[in-house]
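J.:
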Amino acid sequence: MDLTVLFFLTSGLLLGWSLGANDAANVFGTAVGTRMVRFGTAAVVCSLFVILGAVVSGAGAAHTLGALGSVNALAGAFMAALAAAGTVYVMTKWGLPVSTSQAIVGAIIGWNLFSDSVTDSRTLIKIVATWIACPVLAGLIAVPLLKLVASGLRAAKLHLLRLDAYTRIALVFAGAFGSYSLGANNIANVMGVFVDVSPFTGFTVAGLLTLSSIQQLFLIGAIAIAVGVFTYSKRVMLTVGVGILPMSPVAAWVVVIAHSIVLFLFASQGLEHILANAGLPTIPLVPVSSSQAVVGAVVGLGLMRGGRDVDWKLVRNIAAGWVTTPLISGLVCFISLFFLQNVFNQQVYRAVHYAMSDAVLNELAEQGRDVSTLQSINGREFRSARAFMRAVGETEYAGTIPQDELLEYAQLNHSYIDQARFSSLDRDWLNAGQIAAVEQLVGREFSHRWQLAHALAGASAQWVRRESNTINKRYNKDLERKLEYVERTFGGFPDRR
Amino acid sequence: MYMQKKVSHLFGGTKSLENQIDEFLDKVSESGMVFDRAMRVYLAHGPSEEFDGFLAQAADIERRGDDLRRSIEAELYARTLIPDLRADVLALLEGMDHLVNVYEGDLFRISIQSPDIPEEFHAGFIDLIETIVSCVDSIVLAARAFFRDIDAVRDHSSRTIFLETEADKIGTKLQRAIFASTLPLERKMHLRYFVERIDELANSAEDVADALQIYTIKRRV
Chain A
288 MDLTVLFFLT SGLLLGWSLG ANDAANVFGT AVGTRMVRFG TAAVVCSLFV ILGAVVSGAG
348 AAHTLGALGS VNALAGAFMA ALAAAGTVYV MTKWGLPVST SQAIVGAIIG WNLFSDSVTD
408 SRTLIKIVAT WIACPVLAGL IAVPLLKLVA SGLRAAKLHL LRLDAYTRIA LVFAGAFGSY
468 SLGANNIANV MGVFVDVSPF TGFTVAGLLT LSSIQQLFLI GAIAIAVGVF TYSKRVMLTV
528 GVGILPMSPV AAWVVVIAHS IVLFLFASQG LEHILANAGL PTIPLVPVSS SQAVVGAVVG
588 LGLMRGGRDV DWKLVRNIAA GWVTTPLISG LVCFISLFFL QNVFNQQVYR AVHYAMSDAV
648 LNELAEQGRD VSTLQSINGR EFRSARAFMR AVGETEYAGT IPQDELLEYA QLNHSYIDQA
708 RFSSLDRDWL NAGQIAAVEQ LVGREFSHRW QLAHALAGAS AQWVRRESNT INKRYNKDLE
768 RKLEYVERTF GGFPDRR
Chain B
126 MYMQKKVSHL FGGTKSLENQ IDEFLDKVSE SGMVFDRAMR VYLAHGPSEE FDGFLAQAAD
186 IERRGDDLRR SIEAELYART LIPDLRADVL ALLEGMDHLV NVYEGDLFRI SIQSPDIPEE
246 FHAGFIDLIE TIVSCVDSIV LAARAFFRDI DAVRDHSSRT IFLETEADKI GTKLQRAIFA
306 STLPLERKMH LRYFVERIDE LANSAEDVAD ALQIYTIKRR V
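From first to last, the protein sequence lines stand for chains A and B.
Under this note's numbering, the residues of the first sequence are numbered 288 to 784, in order.
Under this note's numbering, the residues of the second sequence are numbered 126 to 346, in order.
#1: Take every Cβ of the segment 303-315 of chain B, pair it with every Cβ of the segment 284-293 of chain B, and state whether three or more of those distances are shorter than 8 Å.
#2: Which whole runs of the alpha helix (DSSP H) in the segment 667-738 of chain A are 4 residues long or more, in chain order?
#3: Consult DSSP for Leu168(B) and reduce its assignment to one of helix, strand or coil.
#4: Put Gly320(A) into one of helix, strand or coil per three-state DSSP.
#5: Checking contacts by CB at 8 Å: is His446(A) closer than that to chain B?
#6: Starting from the C-beta of Gly587(A), find all residues in its chain whose C-beta is less than 6 Å away, skip the five residues before and the five after it, and write them out in chain order.
#7: Does the beta carbon of Ala513(A) come closer than 8 Å to any beta carbon on chain B?
#8: According to a CB-to-CB cut-off of less than 7 Å, which residues of the segment 181-198 of chain B neighbour chain A?
#9: Hey, Leu469(A) and Leu550(A) are a contact pair by Cβ (cut 8 Å); roughly how many whole angstroms apart?
#10: State the Cα-Cα distance for the pair Leu712(A) and Tyr376(A), rounded to the nearest angstrom.
#11: Give, in chain order, every residue of the segment 321-352 of chain A whose Cβ lies closer than 7 Å to some Cβ of chain B.
#12: Would Lys760(A) be called buried (16 or more neighbouring beta carbons within 10 Å of its own) or exposed?
#13: In or out: Trp599(A) buried (at least 16 other Cβ within 10 Å) or exposed?
#14: Asp276(B): beta carbon under 7 Å from a heavy atom of the ligand GTP?
#15: Roughly how many angstroms separate the alpha carbons of Thr297(B) and Phe250(B), rounded to a whole number?
#16: Closer than 8 Å, Cβ to Cβ, to anything on chain A: give me those residues from the segment 197-218 of chain B, in chain order.
#17: Strictly by DSSP, which residues pair up with Phe490(A)?
#18: By Cβ distance below 8 Å, which residues in the same chain neighbour Thr682(A) in space, the five residues on each side in sequence not counted?
#19: What residues in its chain sit with their C-beta under 7 Å from that of Glu325(B), if we drop five residues either side in the sequence?
#20: Going by DSSP, what residue range makes up the alpha helix (DSSP H) through Trp418(A)?
#21: With 8 Å set as the bound, which would you pick, yes or no: does the beta-carbon of Arg441(A) sit closer than that to a beta-carbon of chain B?
#22: Going by other Cβ atoms of all chains shown within 10 Å of its Cβ, with 16 needed for buried, is Phe777(A) buried or exposed?
#23: By DSSP's criteria, Ala642(A) is part of a beta bridge. Which residues make up the other side?
#24: With DSSP as the reference, label Gly593(A) as helix, strand or coil.
#25: Using the Cβ count rule (16 or more neighbours within 10 Å means buried), how would you classify Gln706(A)?
#26: What does DSSP give as the partner residue(s) for Gly470(A) in the beta ladder?
#27: Going along chain B, which residues have a C-beta under 7 Å from Asp596(A)?
#28: When you compare each of Gly730(A), Val602(A) and Leu651(A) to Val423(A) by their alpha carbons, which one comes out closest?
#29: Pro781(A) to Gly345(A), Cα distance in whole Å?
#30: Going by Cα to Cα distance, which pick from Met323(A), Asn700(A), Glu732(A) and Gln721(A) is closest to Ala538(A)?
#31: Kindly indicate which three-state DSSP category Leu293(A) falls into: helix, strand or coil?
#32: DSSP three-state call for Arg587(A): helix, strand or coil?
#33: Between Tyr703(A), Gly515(A), Ala697(A) and Glu650(A), which has its C-alpha nearest Arg673(A)'s C-alpha?
#34: Of the choices Ile615(A), Ser755(A) and Ser404(A), whose alpha-carbon is the least far from that of Val635(A)?
#35: Using C-beta distances below 6 Å, list every residue in its chain close to Ala330(B), excluding the 5 sequence neighbours before and after it, in chain order.
#36: Can you name the start and end residues of the alpha helix (DSSP H) that Gln556(A) belongs to?
Next comes the structure, spelled out in structure tokens:
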């Protein structure tokens with residue numbers, strides 16, 4: 288692997304380290320701070336389960352960050368992660384409650400602005416709504432859970448020492464669940480921006496375990512989190528354990544469980560699948576802030592006891608953080624990208640071009656869209672998403688076609704299926720039908736990704752997308768990744784060819 | 126295997142400590158029974174071998190109680206158990222241990238000073254002894270409830286506080302009767318000293334009850 292690749296990954300690892308140092312305290316802080324669980328035990332359990340969560344269930348929330356803006360150059364991803372890490376570090380130093388999720392979202396928007404990309408407003412609204420929902424939901428879970436546990440314990444009449452022993456074990460299990468959820472939900476913050484530029488290729492260990500390129504990326508990020516846990520989290524844990532509201536170990540357990548459930552809900556693809564199968568509304572998979580989930584749960588318990596203990600100043604600071612953190616991080620990212628590009632001469636983004644052509648208009652018309660107003664920009668090519676959307680805005684286009692659909696069809700992704708590169712396709716990942724379909728297209732050239740997708744779907748049913756709903760989401764996402772892979776293999780970005 | 130060993134060690138150790146705490150509280154109750162029996166024997170026969178036997182028994186109970194308390198305290202610290210309530214539990218055990226010490230101390234003082242208690246005050250002394258023994262028994266029940274059933278702590282503590290007031294009333298009445306009698310002043314003062322020493326048990330029990338009510342609020346989930 289290229290050494291520069293490793294260098295650029297370091298900012299993500301730094302972000303992972305700070306996440307491990309700070310957020311592990313949310314999971315085990317009260318347990319270690321009150322000496323219910325030894326730091327060594329907490330660190331081992333936390334590291335192990337953060338790694339498991341990240342590698343097994345990390346992809347869900349990462350995809351939402353990808354939808355917000357796909358940082359398509361390694362140096363850009365480096366700076367986005369570094370800006371987020373810097374913001375988290377400085378704000379923590381100033382004693383302001385800060386969320387890694389908010390910092391990284393701000394950084395991605397900063398990158399979008401710099402690279403003249405369009406920020407998907409629907410995804411942004413979804414993410415912001417989840418930030419508010421996260422502490423509220425944690426509080427709503429914590430209150431009935433504590434009542435339930437308290438009445439159960441009253442009925443069980445356990446000896447104080449026995450309760451102490453059970454609570455210790457429960458805290459370790461809750462911490463393991465919390466760490467798993469933290470890994471699954473927050474690895475997206477650490478490594479999410481590197482997903483589109485992952486330098487790894489998938490491999491199989493002893494024919495049993497297959498680690499995709501993203502999983503390898505997440506594994507490295509999770510190890511960085513684990514290092515953060517071991518090297519720095521003890522101090523934070525002791526502060527959290529002593530500094531947080533006076534709570535009994537059982538209440539502390541309830542807080543950890545409520546926090547973990549919330550993080551798990553916003554990260555679990557499995558749960559999303561089960562809900563969709565049962566015809567129930569699904570929960571968006573978004574990286575949320577574990578600190579705010581904990582504060583939400585604590586405030587919930589405080590309100591249950593009459594609200595006198597609640598630190599409303601802290602609540603106000605958190606609400607302010609929803610605005611200030613992304614703003615600062617976005618600004619820092621934007622300015623740093625300028626320096627990285629112009630002073631250090633690094634490519635911080637790859638220009639994505641857009642074109643309006645007969646082929647695009649016909650395709651949109653076939654989808655039942657009214658394209659009459661777009662005829663005026665037919666034949667024009669644009670150097671960025673924003674330039675394209677500006678031109679669309681100058682037509683009499685009334686917004687009948689969703690922005691993301693227009694961008695998807697107009698985006699230029701030149702590819703040429705040549706025999707030489709055909710042999711390098713990953714035959715373990717693509718199935719025989721898919722490989723055969725690619726082979727049939729040898730010698731053909733495509734300007735847009737959808738053209739390649741159509742041609743592949745025409746050649747084999749293995750390339751046909753299923754109906755777009757939550758149940759088929761995973762299948763379609765997998766197909767999408769394979770399509771991107773084929774496209775990357777045979778060409779990719781227009782400026783490369 | 127390692128986990129299983131750790132878990133069984135955790136629960137095994139806990140069970141043994143639970144037993145030690147139960148045994149310690151048993152010793153407090155036993156002290157009360159021995160005190161009651163010893164005082165009745167003293168009132169009936171004055172200094173006697175039987176009384177000395179009870180005194181020796183009270184001293185044994187006190188020693189065993191001290192050993193148990195030390196062992197429980199050491200264990201709680203060595204294994205960092207109940208970190209949030211450890212100080213409260215230690216204070217509770219010290220308070221209960223003080224009651225055992227006072228029981229034993231009172232019997233020793235009776236044995237050394239051999240007060241001459243006229244028969245007309247026997248009923249008053251027995252009434253006082255019964256009340257303070259019930260009062261201490263109530264605080265033992267409250268302490269047991271603190272470990273197992275916190276909802277019951279309040280009931281037992283209230284009973285302790287009620288019996289302490291009763292003991293005060295009986296003690297005052299007894300002292301008035303003593304000072305209203307024709308006994309020489311030095312005997313009156315000697316008897317008053319013992320009334321106050323015995324009543325001190327109820328006061329100490331009440332102090333424990335007051336503290337226990339605060340510990341209970343902290344112990345709520």
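Yeah, the Cβ is synthetic: ideal placement off N, Cα and C, and Gly gets one too.
T.: Taking the coordinates as given:
#1: no
#2: 672-681, 690-697, 706-709 and 719-727
#3: Three-state DSSP puts Leu168(B) in a helix.
#4: helix
#5: yes
#6: Gly426, Ala429 and Val430
#7: Ala513(A) does not count as touching chain B.
#8: Answer set for the segment 181-198 of chain B: empty.
#9: 6 Å between Cβ atoms; contact.
#10: 42 Å
#11: Thr321, Arg322 and Met323
#12: The residue is buried, with at least 16 neighbouring Cβ atoms inside 10 Å.
#13: exposed
#14: Ligands displayed in this structure: none; no statement on the ligand GTP is therefore possible.
#15: 11 Å
#16: Thr205, Leu206, Ile207, Pro208, Asp209, Leu210 and Val214
#17: Leu498(A)
#18: Thr660, Leu661, Ser663 and Ile664
#19: Only Val227 meet the Cβ criterion.
#20: Ser408 to Ala443
#21: yes
#22: buried
#23: Glu668(A)
#24: coil
#25: Classification of Gln706(A): exposed, given that the 10 Å Cβ count is below 16.
#26: The partner list for Gly470(A) (beta bridge, DSSP) is empty, contrary to what the question assumes.
#27: Correct list: empty, because the minimum Cβ distance to chain B is about 14 Å.
#28: Cα-wise, what sits closest to Val423(A) is Val602(A).
#29: Annotation note: pLDDT 39 at Pro781(A) (below 50); position unreliable, coordinate value reported separately. Approximately 31 Å, taken between the alpha carbons.
#30: Answer by Cα proximity: Met323(A).
#31: helix
#32: Reading off the sequence, residue 587(A) comes out as Gly, not Arg. Correct three-state label for Gly587(A): helix.
#33: Ala697(A)
#34: Ser404(A)
#35: Cys260, Val261, Ile264 and Thr285
#36: Gln556 to Asn564
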